[in-house]
Each structure stands twice: as C-alpha cells, then as structure tokens.
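For reference, the structure is listed below as structure tokens.
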Amino acid sequence: MSFPLLTACLLAPLLAALIIIFLPKDESKLHKIVAVIGTFVSLAISLYVFFAYDKSIGGIQFVERINWIKDLGVTYYMGVDGLSLPMLLLTNLIGFTAVFASWNIPNRTKEFFILLLVLIAGVMGTFITQDLFIFLLFYEVVVIPIYIMVIIWGSSKRVTKEYAGMKLTIYLLIGSAFLLAAVIATFVKATQITGTPDMSFQALAQVNFPEQFQIWMFLLMLIGFGSLLSMFPFHSWSPDGYAGAPTAVSMIHAGVLKKIGGYGLIRFAVYVMPAGAAYWSPLIAVLGVAGCAYAAMGALAQKDLKYIVGYSSVSHMGYVLLGVAALSVVGVNGAVANMFAHGVMAALFFSMIGFIYERTHTRNVSDLGGLARQMPKLAVGFMMAAMASLGLPGLVSFIPEFTIFVGSFERFGLLAVVAIAGIIITALYVLRAGANTLFGTPREKYNHLKDLKGVEMVPLVVLGAVLVIGGLMPSLLFDMVDSGVAPIMSHINEYLPTAVQIGGKY
Amino acid sequence: MLTTISPMHFVVLSAALFAIGLFGAITKKNAITVLICIELMLSAVNINLVAFNMFVTPEAFIGQIFAIFVITVAAAEIGVGLAIMLTIYRNKLSVDLDDFDWMKW
Amino acid sequence: MVEFAMNHTWLVPLLPALSFLIIIFFTRPWPRLSSTVSIAFMLSSFAVATLAAYGVFTDAQFKHEPLVYAIRWFGMEGLNIDVGVLLGPSSAMMIFMVTLVASLIQIYSTGYMKGDPGYSVFFSYLSLFAASMLGLIISSNLLQLFVFWELVGLCSYLLIGFYTHKNSAREAAKKAFITTRIGDFGMLLGMLAIQIIFGTLNLYELGQIMPNFEDYTTAGMMTLIAVLLFIGPIGKSGQFPLHVWLPDAMEGPTPVSALIHAATMVVAGVYLVGRTMFLFVEVESAMYLIAVVGAFTAFFAATIAVTQREIKRILAYSTVSQLGYMMLALGVGSLTASFFHLWTHAFFKALMFLGAGSVLHALHHKADVWDMGGLIKKMPITGWTFVIGGLAIAGIPPFAGFWSKDEILLATFNEGHYLLFTLGAVTAFLTAFYIWRMIFLTFFGEEKPDNHPHESPLSMTIPLIVLAVMATVGGLIGTPMNPHWQEWIFFGESHHIVPNIPIMLVSIALAAAGIGLAYVLYIKDRNKANVKDLAIRFKPVYTLLYNKYYMDEMYLWFNHKVVDGSARMTHLFDIYVVDGIVNGLGAVTKGTGGILRYTQNGKIQSYALVFFLAVLVITILLAFNDTTSMALVLGGVSK
Amino acid sequence: MPFDISLLTVEIILAALGLAILVMGLIIPSNTKRGLGPITVIGLIAALASAIATWNVQGSLFEGMFLVDQYATFFKITCLSAAVLVTFGCMKYVDQMKAQGEYYSILVFSVLGMSVMASAGDFITLFIGLELMTIAFIILVALNKRSAKSAEAGIKYVILASISSAALLYGLSLVYGMSGTIMIYDVARMVVGGSVSPLFVFGLVLLVAGLGFKISTVPFHMWSPDVYEGAPTPVTAFLAVGSKAASFAILLRLFMGGFIGVAETWVLLVAILAAMSMVIGNLLAIPQTNIKRMLAYSSIAQAGYILVGLVAATEAGVKGVMFYSFLYVFATMGAFVVVTAVYDKVKSDEIADYAGLAQRAPLLAVVLTISMLSMAGIPPLAGFAGKLYLFKAIIADYFWLALLGLIMSMISVYYYLRVCLVMYRDEPIDNTPIKTSGNVTVVLVVAMIATIILGIYPGPLSEVTNTAASTFFLH
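Sequence order for the protein chains is A, B, C and D.
Numbering-wise (our numbering), the first sequence opens with residue 1 and increments by one.
Numbering-wise (our numbering), the second sequence opens with residue 1001 and increments by one.
Numbering-wise (our numbering), the third sequence opens with residue 2001 and increments by one.
Numbering-wise (our numbering), the fourth sequence opens with residue 3001 and increments by one.
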C-alpha cells in the first residue's frame, strides 16, 4: 500500500490540534503558527490529490481500506472521486484561510484553534470516506466544536449568540436524527437483501431496495440532509447561526459544512435510493425554488451584513437543490460545482465581513458606508465575493449556476424560471449591501481604520484567486465533478417517469 | 355450599392482603407504619408461594424455600429501613413521610 | 502579419486584459506609468484589430463565411461549451471601431483625469472594459458572449460608480447593474432554451441549424426564445422600458460616458441582435417587436431630451434615442443600416461626449446648459468639433450621421412600416432640435461672466479632432454612390438599396427645420417673452417631459413599495412563522418539561401511588385491549 | 453434574473482599482508613481479572440456579469495571464522608449482588442477588449521615425499593404459580406456544414494574431523581450504572429467556415504556438546575434506549443491550467523577457553579462534555455506536420507536449543551485552577479514551458482545 495520503490529510489538523493542547496558554502566536502549518499540510495534500487524480480512469482513487467493524460491514475506507475531491479541496482552502481570518481573535486562542482544527478535520472526513458509518462519525463530530465556538467567540445582534448556537446545533442534530433512522433502516434492509453487511456507499448502491422502501427512506434522508443544506423550510437556523458565529465558523459552516448536506444527498441518498430520488425530485425542486426566491426576498429585508449573506447562502443552496432535483448529469454537476463555488465565495464574504466587523464593530449596513476609500483592499475582496454571489461570469459561480439552470430548465421548465428570476433579486440585495457598505460618502469615524495587511490578505488572495481561476477555467472543476457524478447518475434514468433527453434533440 | 379450596382462594386472599398492605403503605404517614404495611405485602407474597407450592409442585418444596428466603430478606430490609429511620429521626425529630419532600421537581 | 492577426484575433481582447492585470498588480502606485501601459496595450490591440479587419475586408470569402476557431471551455454529457473567435465583417468592423475609440478615449483621459487619486485604477478599469467589450465582439459562442456581456456590465458598474465617495454615483451604478440584470435574466432564459432545444450555443452552428428550426421546435417556442433573448438587448442598449439606467450612468467620468455609454457597450445589445439575426428573422412577430421598441424608444427618448438641462443628460437621452434607431433598423431587417448607424454613431457620439467632457473640464463640472454660453470663443477646438458632431447627429449631409440615418429611414419605409417611419422622421426632427438647442445654449449666445473657460490640453483635443474627422468622413464608405458598407455587412443577401431621393430630402429638411427652430428659439428670439414662457405655457407637457415621464419614480415606487415591501413581508413571515414554528416547538418541548417536572412532587407515597397506578393501567389495558390491534399501529410482533 | 466451585470465583472473591474490608474497617484506626480504598480497588481488579480470565468458562451450578455463561460474565465485567472506576475515582469524596469501612465493604457487597443477578438462573437466585444489591444500595444512599439530602434519599429509596420488591415478588409468585417452575429457562418451555392465563400476564406486568423500578423506566422512575440527587455522588454513579446494568441483565434473562414464548403480550408494553422513558426522561431533564438531578433524568432516558434492545426480543437486541450497558459505564463514570471532583472544590452540584470550568480545569470540562455527548449518542462517541446497535435491532419492526429515540437523543443535547454553555462561555468567579489528583485524572482519561475509542472503533467490543449474546440462548 502506498503512503496513506488521505489519512495524512485528515490527521494533519488533528495532530496540530494535539500539539496546541500541549502548548502554553498564552503563546497565541505559536497556536496560530501551528494551526497554519496543520491546515497548510492538508491543503497541500489535497491540492496534490486534486491534480494527481486520474480523471480518465475515474472512480475511487487513493484508496485506503482496512477492516473496521466486521458485524456492520464497516471498513475504514478512504478514497476520493470526482465528487469528493472538489469538496476536499474546498474544505482545505477554507480551513486554511479561516485560520488567517481568525488571526485577531482577542482571547483564548488555544481553545479556539484546537476547536477550529478539529472542525476542519471533521468536515474533511465526511468527504474523503467512502463508508457510510465513517461518514456518520464525521457527520456530527463538528457540531459541538461549532457550538462551543459560537458561544465563546460569537456575537449577539438580533438574537443572542447563545440562542443562535443552540438553535443551530439542535436543529441540525434533530435533522440528523431522521437521517440516522434512515441510515439504520437502509443498512438493515440491505443486509437482509444481500445477506452480508457492507456499509460502503458503492455496495449499498448495488442493492435493489424495494421501491416503496426507497421512497420513504429518501424522504427521511431529504429531511436530514436538507436541514443541513438549509433547505426551505428547514433553513431558519442558518442566518441566525451565521450571524452569531465567529468569522471562522461562519466561513467553514457556510463554506463547507453546509455542503455536507448536498454531498450526502448526492453521494448517499440519490446514489443508493434512485427510485426515491426520482419520486421526490419534484418536491426537491419546489423546495429548492422556494428557497431561492424566498431567501432572496428575505435577504433583501436584512440590515445586518451577516444576515444578508446568511440568507443568500440559503438562496444559493436552493440552486443546489434544484440542480440535484434535475437528476441529470448536467443538473447534478451544476449542483456540485455550485457547492464548491458558493463555498469559496461565502467564505470570502464572511471573512471580509469579519474584518469589517473587527474594525468597525458594526455589521449594520446603515452604519457603514464609503469604506472603499478607507480600506480599498477589503473593498476589493468584498466586491469579488458580492459579484460571485450574484453569479457574475468570469467568477467561479456563474458556470455552475448556468449548468444548474440548463439541467433544471430542461426538466422543470417554468419552475426553474422562478429560480432564475432569483438572480435579479440576488443582484439587488448583494449590490445594495456592497454598495452601501463600501461606496458613498466616507464616514469620518472610520478614517483611522487600517486596511487589510500582512496575513489578513491571505483569505482575499487565496479565495479570490480560486474565484477567478475557477471562473476562467471551469473545466478544471467540471471535468473533475463530471467524472464523479456521471457514474452516480448512470442508472437513474430508468427511475424517472419519462426518460429525460439530455442536451437537445440530436 | 361447601366447596374445596382451590388455588384461586389463596390468590384472592393474598391479593387482598397485598392490597391492604399497599393501601397502608400509600396512605399512612408514619414511616414505621409504612414499613409494617410493606411487611404485609411481603406476607401476601409468601401466602402465594406456599399455596402454589401445594397446588402446583407438591412434590418439591420450591415455594416454601422461596418463602423462607423472602422472610429472611424482608427482615434484612426492614432492619436497614429501621436503621435509616433512626438516623433520620435523630436529625429531624420526625418520621412523618410528608416531611421528606425537600428534593423534588 | 495580417494572417497572424486574423489567426490570433484573441490577442485583441487579451492585450487590454493584460494591461489591466499589470496595472492592478504592479504599476498602480505610478499613475503616469499606468496610463502609458494602458495606452500602449490599447494601441497594440488597435493595431492587431486593424490588421485583422484589413484581412477580412480584403478577402471576399469572408462576406459569407466568417472565420471561426474555438477551443473547448468545459463540457459534460449534454452541455458542451467552447470558446473561440468568430471573425466576420461585422465583428471586424466592431473591433476596429472599438479599439480606435477606446484608444482615443484613453488618450483623452490622460488629460481629463489628471490628478485624480484613482487615476491608475481608472485606466485599469478602462482596459478591463476594452478587453471585455472586444471579447464580446469576437465571441463564437453565446455563453462566451454572455460572459463578456456581463463583464462589460461589471466595468460599467465600476466606472459609473468610479467616484465612490458620491452617493449619487453609487446609486446610479447600482441602478445600471440591476436594470441591465433584468435584461440579462431574459437573455439567460433565451440562451437556456436554445441550449436545451438546439443542444448548442455555438453561434456559427446555430446559424446553420436555426433556419430549419421546425425540425427541432415549434414556431411558438421560437417566438418565445426570440422575445426572451431580446430582453437582454433591451436592458443593455437602453431600450424602453429599461432605458432608465443610461441617463443616470452619466455619473461616471465623462470619458466613460463616451466610451461605454455612447460608443461601445450600449451597442452590445444591437450587436447581439445582429449576431443572432438568423434567429429573429425566423420569427416575424419578434422582428416587429424589435422595430416597434426601437422606434418608440427613439421617439420617446428624443422628447425627453428636448427639455433636459444637463449637457450630459441630453447626450444620454440622445444616445438612447439613437440606439432606438439601430433597433428599428434591425427590426425592419436591415442589419446593414443598423450597424452602419452603430458605426457612425460611435464616432459622433463619442465626439460629443468628449466635447462635453472638455466643457465640463473647463467649467469645473458646471453641468447646466443654461449656465453656459459663448464658449466657442474661448474653446474653439472643442466648440467646432462639437458642432461637427451636432451636424452629424442631426443628419446634415455629408456628415456621417446623415448617411446611416437615411439608410434606416429608407429601410423602414421600404419594408412598409409607415407608422414607424413617421416616428423615425419626427425623431430626426427632434434630434436636430435638441442637439442644436444644446449647442446654441452652450457654445453660442452670450458668455456668462462667472465662467472662466479655457481650451483643454492637447491630449484632449487631439482625440476630438480625430473623432471629428471620423464623424465627417465615416459615413462616406456607405453612401448610395459608394456602397462598400452594404456589400460587406449584411444579413442574408446583400442588396443594394436604391437611393430614394424624396426620403433623403425629407430627412434633410427635417434636420434643417430642427436646427432652424433651435436657432430661432435659443439665439434669435431668445429674449422674447413668448419664447421665454414657452415652458410655462406648456407646463404640463414640459413637466412630464422634464421628469422623464416619471419613469424613475415609477420604478422607485415599485422597488420600494412592491419589492421591499414583499421583502419585509417575507422577513416577517420568516421570523414569525417559519422561525416561529421552530421556536414554538422548542418552547413547547421546554414547557412540557417545565410542567411535567411538577409531577415529581417529592412525596414518597405519591411515587408509590404512581407506581401502582401504572401497574393497574397496564393491566387493564392488557386485559381489555387486544394488543394485536395496537401492534398494527405501532408495528412489531407478528413473530 | 459435579459441583464446580471455580464457577463461583468472582463471587467468592467479592464476598471475601467485602467481609475482609468490613472487618478491617472495624479494627483499624480511623486515620488509616483511607487505605481501604486502594485495597478495595485492588480486590475489585482481582475480581475483574478473574472474570475476564474465566471468559470462556461456561457451566451452571445448583441444577441451573446459577448460570455461568459469557452473557453473565460480560455483565459482571461491566459492573466490576464500573465499581473499579467509581472506587478509584472518588476516594477523596469517600474519605470526607468518614465511613470508609462501611462504604467500601457495602459497595463490594452490592457488586456481589449484581454478579449474582447476572448469573441467576431461577427466581430465588434472582431475588437474592437483587435484594443483596438493593439493600447494599439503601445503605450506601443513606451513608452520608451529616447530609439531610442523603438521609431523605435513603428513606425514599428504602420505602420505594421495598414496595417495588414486594411487587416484583408478587409477580414472581404468580409466574411460579402459573407455570409451576422457578427456573427461568423452564418457564420458557412451559409457556411456549400455549396461551397464558390472565394471572400470568398480571405477573408479567408486576415483573416489568419491579424491574422497571430498578432500571428506572417511566412510569416506575419516580424515585430515581430524588435518590440520585440526594445520594453521595459516587453512589449515584454506581447506582446509575451498576444497578442498572445488573437489572438489565436479569430483565433480559427473564423476559427473553423465560417469557420469549409469550412475547406478543409484553413486547408492545415494553416498547411503550421505552418510548415514554425517552420522552419523559429527556423532557424533564431540560429544566433541571442541579447536575446530578439532570443526570438522573438523563439516565431515565438512557434506560429507555436500552429497553429498545428488549423490544427487539432477538439476539441482536441482547447484543445491543450489552454493548450499550458497557459503554454507558464509561460515559456515566466520566460524568460523575467530574461531578465529584468539582464538588470537592466548589461544594456544589448546581450547574450554575460550573461557570468557567473550561478555564479552571480543562480536563474536567472536556471529559464531562464528551461523556454527556456520548450519552446523547453523538458520533463519533461510543453512545452512537451503542444506539446504532440497539436501533438496528428494532428498526425493521418498530421504526417509529427508533426515530423517536434518535430525535429524543438529539433533544437531550439541548440540556447537555446548557452545561457546556456554562462551562465554556462563562468566566469563572474564582479563577484558581482545580487540581485533580492522579487517580481522578487516570479515571477521567480512561473514561474519555474508552468513550472515544468505543465510538470510533467499536469492532472488538462488538465481537465480544456478539459471542456473549449468542450464549444467551444456548440454555
């Protein structure tokens, strides 16, 4: 067996966390450096894996597989394919930058970085494992660090951070209860059918579940993954949660953690329960569209920058759901790519808002204005995130959105139009937020504020570069995603009511 | 009309005794009385055991032996119970069960 | 050399893009260096563009078959998008025009923007804009075109809001972006429909298969696609009713207005319709719609322009009006006339904007034409070039505007759209009137004592002169006597339109009448009472026009009341209903716990009572209830 | 069958240990009594070691009244581990009660009772073991003579435990009367197939009630919050784990060994009790302000989860119960040892007094967090694997129960997190770090690591429980 790259990638942040545990409490500089090294190692490995992955062969690569729990058929099965790689890369991009975005946290750095590193490792784990059980282990490992980080380093605005943290945690956990029930039932049923327990996604996908069973299980999984994905109407944790959370948590939560919902939906729910997916896809589409439009309208009414981005992320996840609901290669490719795109942009957005908040101690749009004069670099980052958020071509989020639209327009027609109309509202609130914060008459009281400098530039540079590169070369992302999604979607057509013709009539 | 005594009679008797004991245990305020009522309940059990032994397994003394164990253990239990009453009485000068509701909700 | 340029036409947008990057990342702290870099790259781009255009226009094979080359951008099963270059006569003409105007305006800006703190950034934006615009022009794929379409929108946004400290600039920029976004929405839908029905967005391929559309789709679907696609140009090219952003866009620095909001970006819509003409010609109703929208916009904007007081605003409405002409031409099926007007308009309108910029520069941004007067004495170059522009737009032969406008009117007339023709003709009159009203008020008449105008530096006047030359002779390549233009740029079959002398005369007469009226009202009888209270006598009309038919107010009302109102409703719904249910469930859970805890009353005997009551209840349930019926509900034992 | 006394090794060690400590407690002077703790630990470890060593030994004594199989041995190991941890982790607390001799010897006797219960093959052995354990616990609960709460808990426990014993006994007597045997596995042979008389069913109900009292399932749970709150914390811990595990051992032995033939009469009942326990336990835990009381309610909910294994009435269910009971030891011990350690310094069990614990004693805070989350069943902690095995056994037939259990366990996170909130967010009133002694640290680290390892890598334990569960049905 070759060097276990993925495990190394997973362990690097954990190891860093372990080192920090034994560092003295006051050495905050040291904590940060160790955290940077830990996340950088992961980032480097995931970049390597991303580019070393052989797309022409496809399938699961970099496999590490060890027997784990015999009677559950669990194996320690690490491996990546085109679906998980973008997510892995995203996690580490955001993880790495999140460390820099939290450079200025005022107190208790030791605990903060330990929790942050555990959080990053936990998120990463969900994406690189190919075993359902291991997936579940990581699925919720992140919830508690997040809670603790919110209550210690969060901020209370419209709602208190305690409320926000608790809501976020309990909401997601209860959502996951439905998922767990479905997982257990699926596993039991699969064992019953095949006779040998096996928890790997691939093995479960081979099982022919009865259609009725699939339908009910898929619904439960949809509730579980959907609430993590902040699917309408299970979204209300998300804006409050992000508003309460410290910057790094908002970045990771909106950037990648949420995506576990979408990833799980595709990797597990759709893959294993194709008939269920086909049955419920109209519902997913409706909820997705409702989410797009509804959350966009919600964002329009917000005054707090974090709320705006919080609602906007709900809205964007609506697009993801819509893409998944299309149940075609195009739609799902778009959904996965959009998760990546949204991750990058949300992380950039939150990091910039974090810097603004750090400096001005307010996130109210009406209290801000003209910051572009005082902090031009920050303004650039903010505008890039804003533009990506409204789907500006040339940035990473446009092509995924377009792809989703193609996929969903094909299947749902008019319904998709409503979602597409969301781009207008998105432009409206994003530009309002951006313009009213950055432009207009500069305010005297912010004249002394310092622009981004030194390590604070890292989130802007790294995430900004990804935004642009991904926008100019979508094939980097799409070829990868496609190689992962195509096998998953290969057998879904037989379950769709009428075979959907993809890509025109010739 | 005279009928032979069936197991049912013993069951009814023991049930009645059990119920009486239970009633006392639930209603009496004095802890000592309650302990005595519990003894009544255990006696009901003993009646059952002995009676069943006669009707169900007359060839073995299972029920009787069981009953002896019950009597022994009950004695131990009551002994411990009384010991606790004593310490409590020393602290609180009361063995009224209604006085012991400090911990609740 | 020429061959190289043609095969590497992508250099045309790439060079300004490079200059953007260089300025942003390296030369930003040194303004002079930045502008030099920018202009150098722009000029080399111009050179490449000229060579490429030369190559196209010297090889007759390109009359019908454009040069296309592309590479894969991304793709998957069912969606393959390539990016590339589509070089034909129209795009060759466009890249030549855009690089030329852009170069001139960049040179002009070195003077105009001198001393501005954002000097370098300004040039970087201009470069980015040029890159995007040129990319748009040579796009071989609709999606690629859309990407650049949005990027020019972004540049427009950034440049309108260039004076970030001004609230008005901020609002104007926002308005521009969002208004055009509405258009983009339609365009996106149209593109999606095309992709799904035809399976490709490659313009060339579409051009091949669209005429046989009945193999793929119905006429109704086709109409829908055409109409949806047309919404994009309505937004981008400032057609009614999405024109409202364009006049506000004048908040940007004047060179921006000249480059983006007069000569290049706003014609992207026209260009798009021209590019996808193969689609529109299939749908008669869509064509008619375009024509009507164009004619109406032309007239509508001209009426507003009559009453405006700010120099740039008048020009802005004039741009809207002229764009309407171009659309009208497209709508009546004359790509030739439309692009011809696009070409001439670019020069004379850029000229006038730059001239206006020169005036504003001299008067320290005093914008009201009524505060000016007699400027021609102090600013001869600006003044006389402006007059040339005025003659061109008014349609006085032999200036460029005359030929193209005449071509449009003629095409309209020939197609039998007499009503539209009349509208166009009236607009021609109004155009001459309001432009000359502005010229008379600004450059002629009495000088105002508080103004201390001075001629602008050479960097600004040279572009004016070059543009003036183009505005003079630019139309000569397409006169009825010399119909080169018509031979090259056309859709379908090239057909030489026989000159219609009466229409030409009408058009000249109308222009002259407009100028004459303006002269009478604003020079000759300026101080006569009946002229002075003209506005008072026609108060309602004047107010309506001056307030632009209250379109802005309507949009504002819609935005604030309807959109924001429903946003607030959504917000409240979210907080009190969606979230309310969540919180309610939480509260119920907590409350139940809070109430149930009192069952635990601390009394030993009540505990015992509960214990035996439970036993009793269970016994009764088991005794009287068949468990199997419960098992049906709660699942389970069927072992 | 020859009388093989080696089958009784564990019990003999325990009995000898208990007596020895009792005697030592009487004869040695009070200032050296603190040495009794280590002696107890060593003795218990010896018993544990012998239990592990005799893992493969199978057999029965007294014509099936005393069964030694891996099922029994597993529960003995569970209870002994709990006893070792609680003794080792809470010595200081016991020293402060000044009743080391009684405490340790009676604790050992209670373990003996549990071990007898685990091996019980008939009603009499069952009863003896149960009462030995109960009486020992009554004494332990009331042991802290200076605490009014302890006394109140004692009187509550003695009366209610006696009443429940009476009910249990009455039930046993009825079952005996209706089936004619007191051997558990013989009962199964008697009742298989045939319909049963109402009195037998009534007996079953009383058995459920009596044992439900011990495992504190709703609605027989009323005693447990008060007693848990009042009892000395180590006792509470052991009560929550040992007593519960042993009672589950015998509950399973009775119902799945003895009454499996009439499963349809009681399975649904047990399912409803399980559901009620989950719901009420968790709901009532929410408003609590005393951590011991909160943990008491939480243990009621835990009983509900474990009962799910009985609902399954299959080997998989047995395995789930065993697995869960074992991991529950570490989670509960972790939590309660933290509570003792904090009490030692703060002299309070109120949650509010845990403010800033994360800064005063990070280890305590972390262990408490992990233990509580394991109880809630959050992956990747042991509780999750346990719940997985439990719910796996019933999900096909009782999907609603599994879903309810999962949802309620997520709701339970709410009150666990409230403790975390106080520990992590709040600044401590008193900034001095809480030093934990070496043995406490060891216990905490063991509990924490076991909780994590059993969650991430439950394979080995799962194998062990599988084999143990398979011996359950061999009789």
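Think of the CB as a built atom: it goes at the ideal place given N, C-alpha and C, for glycine as much as any other residue.
Asked                                                                                                                                                                                                       : Found
From the beta carbon of C:K2590, is the nearest beta carbon of chain D less than 9 Å away?                                                                                                                  : yes
A:L180 and A:L136: beta carbons closer than 9 Å?                                                                                                                                                            : yes
Return the bridge partner residues of C:F2074 from the DSSP annotation.                                                                                                                                     : C:I2081
Could you give the distance in angstroms between the alpha-carbon of D:L3130 and the alpha-carbon of D:T3467?                                                                                               : 26 Å
Shortest alpha-carbon distance to C:N2500 belongs to which of C:K2405, C:H2454, C:G2135 and C:V2244?                                                                                                        : C:K2405
In the DSSP assignment, the beta strand (DSSP E) including A:V74 goes from what residue to what residue?                                                                                                    : V74 to V80
Please list, in chain order, all residues of the same chain as C:I2435 whose beta carbon is under 7 Å from its beta carbon, the five residues on each side excluded.                                        : S2318, G2390, I2393 and A2394
Helix, strand or coil for D:I3028, going by three-state DSSP, please let me know.                                                                                                                           : coil
Would you list the one or two residues that DSSP bridges to D:F3066?                                                                                                                                        : D:L3061 and D:A3120
Tell me whether the segment 1081–1093 of chain B and the segment 3134–3148 of chain D touch, counting them as touching only if at least three CB pairs, one residue from each stretch, are closer than 8 Å. : yes
Leaving aside the five residues before and after C:V2293 along the sequence, list all residues of the same chain whose C-beta is less than 7 Å from its C-beta, in chain order.                             : I2234, Q2239, F2240 and M2327
Taking the DSSP output, what are the residues bridged to A:T129?                                                                                                                                            : A:M78
Our contact map puts D:Y3185 next to D:G3258 with C-beta atoms below 8 Å; I'd like the distance itself, whole angstroms only.                                                                               : 7 Å
Who does D:M3183 pair with in a DSSP beta bridge?                                                                                                                                                           : D:D3122
Should C:W2245 be labelled buried (16 or more other beta-carbon atoms within 10 Å of its own) or exposed?                                                                                                   : buried
D:P3379: buried (16+ other C-beta within 10 angstroms of its C-beta) or exposed?                                                                                                                            : buried
With 16 as the cutoff for other CB atoms within 10 Å, does C:T2058 come out buried or exposed?                                                                                                              : exposed
Give the single residue among D:V3196, D:Y3103, D:A3161 and D:A3167 whose Cα lies nearest to the Cα of D:M3178.                                                                                             : D:V3196
In three-state terms, what does DSSP make of C:Y2069?                                                                                                                                                       : strand
Kindly indicate which residue of B:F1018, B:H1009 and B:L1013 has the alpha-carbon position closest to the one of D:L3169.                                                                                  : B:F1018
What residues from chain B crowd round C:L2603, counting only those whose CB sits closer than 9 Å?                                                                                                          : A quick correction: the sequence has Lys, not Leu, at residue 2603 of chain C. What C:K2603 touches in chain B: L1097, D1098, F1100, D1101 and K1104.
In three-state DSSP terms, what is C:Q1968?                                                                                                                                                                 : The requested residue 1968 of chain C is not part of the displayed model; chain C covers only 2001 to 2639.
How would you list, in chain order, the residues of chain C whose beta-carbon sits under 9 Å from the beta-carbon of B:I1026?                                                                               : Q2605, S2606, A2608, L2609 and F2612
Which residue or residues does DSSP assign as beta-bridge partners of D:S3110?                                                                                                                              : Per DSSP, none; premise fails for D:S3110.
A:S156 to A:A243, Cα distance in whole Å?                                                                                                                                                                   : 8 Å
Tell me whether the beta-carbon of B:T1072 lies closer than 9 Å to the beta-carbon of B:G1063.                                                                                                              : no
Below 8 Å, can you find three or more Cβ-Cβ pairs linking the segment 2101–2111 of chain C to the segment 2144–2151 of chain C?                                                                             : no
Measure from the C-beta of B:L1017 to each C-beta in chain C and report whether the shortest distance is under 9 Å.                                                                                         : no
Using 9 Å as the limit for Cβ to Cβ distance, is C:G2584 near chain D?                                                                                                                                      : no
I want to see whether chain A comes within less than 9 Å of C:F2148, judged by CB atoms only; does it?                                                                                                      : yes
Does the separation of the CB atoms of C:T2099 and C:T2050 fall below 9 Å?                                                                                                                                  : yes
Is there a C-beta anywhere in chain C that falls below 9 Å from the one on B:L1042?                                                                                                                         : no
So, helix, strand or coil for A:E211, using DSSP?                                                                                                                                                           : helix
Can you have a look at A:K32 and say buried or exposed, based on whether 16 or more other CB atoms are within 10 angstroms of its CB?                                                                       : buried
From the beta carbon of C:A2017, is the nearest beta carbon of chain D less than 9 Å away?                                                                                                                  : no
Within the continuous beta strand (DSSP E) that includes A:E64, where are the two ends?                                                                                                                     : Q61 to I69
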